[in-house]
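Quick note, the sequence shown lines up with residues 64 to 182 if you use my numbering. For glycine and all other residues, C-beta sits at the position ideal for the given N, C-alpha and C. What you are looking at is a predicted structure, and each value in this text was computed from that prediction instead of being measured.
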Amino acid sequence: ICVAYMVMVMVIMVAMVIATLAAIVVLVVMAMVMVIMVAMVIATLAAIVVLVVMAILVAIVVLVVMAILVAIVVLVVMAILVAIVVLVVMAIFFAFMAFVVMAILVAFMVTMVTSRHKT
């Protein structure tokens, strides 16, 4: 009976050691899985943040480029319009001046002819 009791105690101790080792292995595996999951979550969050930052930067660059292009187009259109207005005003002014000069010349000629005829 004593030997059987000792054998039972030995078997129970071996079983406890195996159970503790198995529990340690399970805990280690669980910890590794948790670390991997945390790392994956962190990586996905970092990727999302990077994507958002990239999208914001691209949007800012696109907006700046669009603003510059719009400003250039507006400046060119304004310059063309100003040039057209200046040209039209100059043409009207020159036409008016030519008309005035022609009128003065005609009047001068008429006065010359009339004074010749009078004398």
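- Linking V89 to V98 through their CA atoms gives a straight-line distance of about 14 Å.
- Excluding five sequence positions before and after A94, none of the CB atoms of its chain fall closer than 7 Å to its own CB.
- Excluding the 5 residues flanking it on each side, V169 has no same chain C-beta neighbour closer than 8 Å.
- Separation of M103 and V113 (C-alpha to C-alpha, rounded to the nearest whole angstrom) is 15 Å.
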